[in-house]
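These protein sequences, in sequence, are chains U and Y. Here our numbering is used: the first residue of the first sequence is 19, the next is one more, and so on. Here our numbering is used: the first residue of the second sequence is 68, the next is one more, and so on.
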Amino acid sequence: MSGTVHWTAWAVFAFFFALVTVLGFTAARWKKADLDHLHEWGLGGRRFGTLITWFLLGGDLYTAYTVIAVPALVYGAGAMGFFAMPYTIIAYPFVFAVMPRLWNVCRRHDWLTLGDFAQGRYDSHWLALAVALTGVLATMPYIALQLVGMQVVFEAMGFGGVRQGAEIALAAAFVVLAVYTYTSGLRAPALIAFVKDAMIYIFVIAAVVVIPIKLGGYGAIFSAADTAFKAKGSGGILLNAGQALPFATLALGSAFALFLYPHAVTGTLAASSGNAIRRNAIILPAYSVALGLIALLGYMAIAANVPAKGTAIVPALIGQSFPEWFAGFCYAAIALGALVPAAIMSIGAANLVTRNIWRPYVNRTMTPKQESTVAKTTSLVVKFGALAFVVFLPLQYAIDLQLLGGIWMLQVFPTIVFGLYTRWFRSSGLLAGWAAGMALGTWLSASVGMKPVFALPGIGGVYIGLIALAANIALAALLTLIANARGFLRTGDATQAADYEDAVTTNS
Amino acid sequence: MNRRLWLLVLPFLGTLIVPLYNRNDPMLWGFPFFYWYLFAWIPLASLLTFAVYRSLRK
Numbered sequence: 019m020s021g022t023v024h025w026t027a028w029a030v031f032a033f034f035f036a037l038v039t040v041l042g043f044t045a046a047r048w049k050k051a052d053l054d055h056l057h058e059w060g061l062g063g064r065r066f067g068t069l070i071t072w073f074l075l076g077g078d079l080y081t082a083y084t085v086i087a088v089p090a091l092v093y094g095a096g097a098m099g100f101f102a103m104p105y106t107i108i109a110y111p112f113v114f115a116v117m118p119r120l121w122n123v124c125r126r127h128d129w130l131t132l133g134d135f136a137q138g139r140y141d142s143h144w145l146a147l148a149v150a151l152t153g154v155l156a157t158m159p160y161i162a163l164q165l166v167g168m169q170v171v172f173e174a175m176g177f178g179g180v181r182q183g184a185e186i187a188l189a190a191a192f193v194v195l196a197v198y199t200y201t202s203g204l205r206a207p208a209l210i211a212f213v214k215d216a217m218i219y220i221f222v223i224a225a226v227v228v229i230p231i232k233l234g235g236y237g238a239i240f241s242a243a244d245t246a247f248k249a250k251g252s253g254g255i256l257l258n259a260g261q262a263l264p265f266a267t268l269a270l271g272s273a274f275a276l277f278l279y280p281h282a283v284t285g286t287l288a289a290s291s292g293n294a295i296r297r298n299a300i301i302l303p304a305y306s307v308a309l310g311l312i313a314l315l316g317y318m319a320i321a322a323n324v325p326a327k328g329t330a331i332v333p334a335l336i337g338q339s340f341p342e343w344f345a346g347f348c349y350a351a352i353a354l355g356a357l358v359p360a361a362i363m364s365i366g367a368a369n370l371v372t373r374n375i376w377r378p379y380v381n382r383t384m385t386p387k388q389e390s391t392v393a394k395t396t397s398l399v400v401k402f403g404a405l406a407f408v409v410f411l412p413l414q415y416a417i418d419l420q421l422l423g424g425i426w427m428l429q430v431f432p433t434i435v436f437g438l439y440t441r442w443f444r445s446s447g448l449l450a451g452w453a454a455g456m457a458l459g460t461w462l463s464a465s466v467g468m469k470p471v472f473a474l475p476g477i478g479g480v481y482i483g484l485i486a487l488a489a490n491i492a493l494a495a496l497l498t499l500i501a502n503a504r505g506f507l508r509t510g511d512a513t514q515a516a517d518y519e520d521a522v523t524t525n526s
Numbered sequence: 068m069n070r071r072l073w074l075l076v077l078p079f080l081g082t083l084i085v086p087l088y089n090r091n092d093p094m095l096w097g098f099p100f101f102y103w104y105l106f107a108w109i110p111l112a113s114l115l116t117f118a119v120y121r122s123l124r125k
């Protein structure tokens with residue numbers, strides 16, 4: 019494929035890229051406000067209603083890498099790759115119950131990040147730093163993988179003989195993205211998400227209708243996959259006996275981690291009310307249907323005998339199933355799918371660095387203008403760091419770090435989620451538990467060759483993130499009990515019980 | 068705390084207890100049970116959440 023250049027596909031892609039670029043820059047004037055304030059640049063002024071939040075979070079959580087990697091996993095491993103389905107099914111009831119509390123308390127205290135919450139709730143800048151570092155560390159490789167999603171699509175469209183064409187195209191796309199994120203902040207991905215999500219839905223609907231017709235229906239697709247797995251001797255369209263526990267624990271751990279990621283928190287806190295979040299917990303599952311159908315592309319690729327492997331299967335399947343102009347549309351949908359999450363991730367990381375690293379440790383008396391300048395600059399650094407990562411380092415590093423990122427992200431769960439309900443845990447215990455969870459999770463994962471599952475004796479394979487979280491919680495509780503018994507002084511708490519509840523007067 | 072929030076535990080039980088649905092039959096439109104069961108939980112979980120939302124607003 020590398021020899022031929024698909025000009026029609028490139029032209030369709032170029033059209034949509036130009037469209038979202040214009041949107042990205044005009045977004046600065048949408049819901050006009052002073053973008054020299056961080057809550058405007060980094061949180062859109064918390065003015066996004068139910069519908070905008072639906073597009074924003076949908077575009078944010080279902081990334082380009084998801085569209086490429088989930089079918090690749092299903093293609094290689096079968097049913098195990100479908101843990102993404104229970105994961106997204108249970109994530110939203112959790113969001114419904116928990117996230118409005120976070121929104122309420124952050125709105126009341128003008129907090130922009132989970133680090134701000136940790137600082138206010140526990141009066142500990144170390145705990146806030148731990149939360150911020152975890153978010154930034156987990157986000158960097160995630161942004162890098164968005165670039166991989168774009169790269170795979172660019173390669174499918176071809177460059178003729180141009181050396182390093184994919185790197186050049188990636189760099190160009192990312193420079194444009196970086197500039198309009200700098201000028202427009204969260205408004206840019208919010209506006210672009212409308213286009214991106216609509217394109218992804220069109221792509222998915224076309225794929226799940228057209229491709230099965232060509233392949234003889236879903237029954238034929240499942241039986242072709244079944245035959246292929248049996249011939250290969252590994253994987254299968256059902257889980258084997260040892261896979262049920264890894265499947266369930268991966269789903270549970272991933273669901274708990276999802277809304278701790280900076281990009282998910284940023285998208286959530288940008289909502290205009292707690293009820294906008296609750297309504298989104300009801301309507302966001304529409305994207306889970308799309309995700310489940312996207313996962314099935316893995317089986318379709320098996321049934322269609324695509325001449326590709328791994329992350330290249332989705333572009334290959336698109337290329338051989340659709341006329342070139344529509345293939346170009348699908349490629350554009352995936353590539354633009356990288357821009358929305360990459361922008362929000364860099365904004366989320368920038369908010370954390372500004373509020374929970376720069377302000378407490380570098381400059382305690384920043385003006386709003388200085389604060390937004392630090393954040394804008396950080397968003398550039400984070401994006402170009404991710405670009406350098408993809409261009410100069412082996413792809414496997416980004417994949418391994420993204421896996422560790424999920425395990426790490428889960429280690430702030432006690433501080434944040436328990437913290438939304440109780441101040442029983444002590445900040446010192448939570449900090450020690452976090453450190454232990456980070457170390458244990460990293461070590462366990464490295465000990466099994468960078469895999470997400472560890473076989474516990476007598477129990478079976480369990481997601482390492484949850485094992486580390488259990489140790490984390492146990493240590494935090496133990497240290498809290500010891501400190502209570504010895505009567506040590508507690509750190510302060512800037513919040514009151516009512517801060518977490520919906521304001522009585524607002525009814526929106 | 069509203070007691071109906073406990074309804075939100077059902078999607079967790081329904082999708083995390085894997086032996087409930089890890090089988091082929093009954094098939095639906097060519098989909099093994101494993102797959103259409105999980106797909107069915109998406110609107111079901113959404114409806115349960117909606118029911119809880121309605122009860123909170125009253």
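By construction, the Cβ of each residue, glycine as well, lies at the ideal position given by its N, Cα and C atoms.
- By the neighbour-count definition (other C-beta atoms within 10 Å, threshold 16), D134(U) is a buried residue.
- Per DSSP, V213(U) is not a residue of any beta strand (DSSP E); the alpha helix (DSSP H) it occupies stretches across R205 to L233.
- Distances from the CA of K49(U) to each of P264(U), R65(U), L56(U) and L37(U) were compared; the closest alpha carbon is that of R65(U).
- When the alpha-carbon of R139(U) is set against those of G337(U), T152(U), V113(U) and V123(U), the nearest one is in V123(U).
- Apart from sequence neighbours up to five positions away, the residues of its chain that approach V88(U) with a beta-carbon distance below 8 Å are G99, A102, L309, I312, A313 and G316, ordered along the chain.
- Chain U places no beta carbon closer than 9 Å to that of P93(Y), leaving this residue out of the contacts.
- If you compare the alpha carbons of A208(U), Q164(U) and A259(U) with that of R90(Y), the shortest gap goes to A259(U).
- By the C-beta criterion, the segment 77-94 of chain U is judged to be in contact with the segment 339-358 of chain U, since at least 3 inter-stretch pairs fall below 8 Å.
- At the C-beta level, A450(U) and L499(U) stay beyond 9 Å of one another.
- If you draw a 10 Å sphere on the C-beta of V166(U), you find 16 or more other C-beta atoms in it, and that means buried.
- Within the same chain, A299, L302 and P303 come within 7 Å of Y110(U) by CB-CB distance, once the 5 residues on both sides are set aside.
- Under the three-state reduction of DSSP output, A288(U) falls in the coil class, being neither helix nor strand.
- In the structure shown, F98(Y) adopts extended strand secondary structure according to DSSP, grouped into three states.
- According to the DSSP assignment, F43(U) belongs to the alpha helix (DSSP H) that extends over W25 to T44.
- Sequence-distant partners of L95(Y) (beyond 5 residues in either direction) whose C-beta falls short of 6 Å from its own C-beta, in its chain, are W103.
- At a cut-off of 9 Å, the C-beta of M98(U) has no neighbouring C-beta in chain Y.
- Listed along chain U, the residues sitting closer than 7 Å to S113(Y) by beta-carbon distance are I300 and P303.
- CA-to-CA, the gap between T372(U) and E342(U) works out to about 45 Å.
- Among the residues facing chain U, R90(Y) is included, as its CB has a counterpart in that chain under 9 Å away.
- When secondary structure is reduced to three states using DSSP, L474(U) falls in the strand class.
- Put simply, of Y160(U), K327(U), A393(U) and F347(U) the residue whose alpha carbon is nearest the alpha carbon of L421(U) is Y160(U).
- For V307(U), a Cβ of chain Y is located within less than 9 Å of the residue's own Cβ.
- About 7 Å separates the beta carbon of D520(U) from that of P118(U), a gap short enough to meet the 8 Å contact definition.
- Contact between the segment 50-65 of chain U and the segment 140-154 of chain U is absent, with fewer than three C-beta pairs closer than 8 Å.
- Counting only residues of its own chain and dropping the five nearest sequence neighbours on each side, F436(U) has a CB closer than 7 Å to the CB of F443.
- Assigned with DSSP and collapsed to three states, F344(U) falls in helix.
- By the neighbour-count criterion, in which a residue is buried when 16 or more other Cβ atoms sit within 10 angstroms of its Cβ, A457(U) is exposed.
- Counting every other CB atom within 10 Å of its CB across the protein chains shown gives K401(U) a total of 16 or more, marking it as buried.
- Look at the beta carbons and you see the segment 428-435 of chain U touching the segment 276-287 of chain U: at least three pairs across the two are nearer than 8 Å.
- M98(U): not part of any alpha helix (DSSP H); DSSP gives it neither H nor E.
- Look at V480(U) here: in three-state DSSP terms it is strand.
- Secondary structure of F66(U) (DSSP, three-state): strand.
- The CB of L270(U) comes closer than 7 Å to the CB of L83 in chain Y, given here in chain order.
- Listed along chain U, the residues sitting closer than 9 Å to W96(Y) by beta-carbon distance are G235, Y236 and G237.
- If you draw a straight line from the Cα of P99(Y) to the Cα of A238(U), it comes to about 11 Å.
- For L370(U), the closest alpha carbon among the candidates W129(U), L268(U), F43(U) and H24(U) is that of W129(U).
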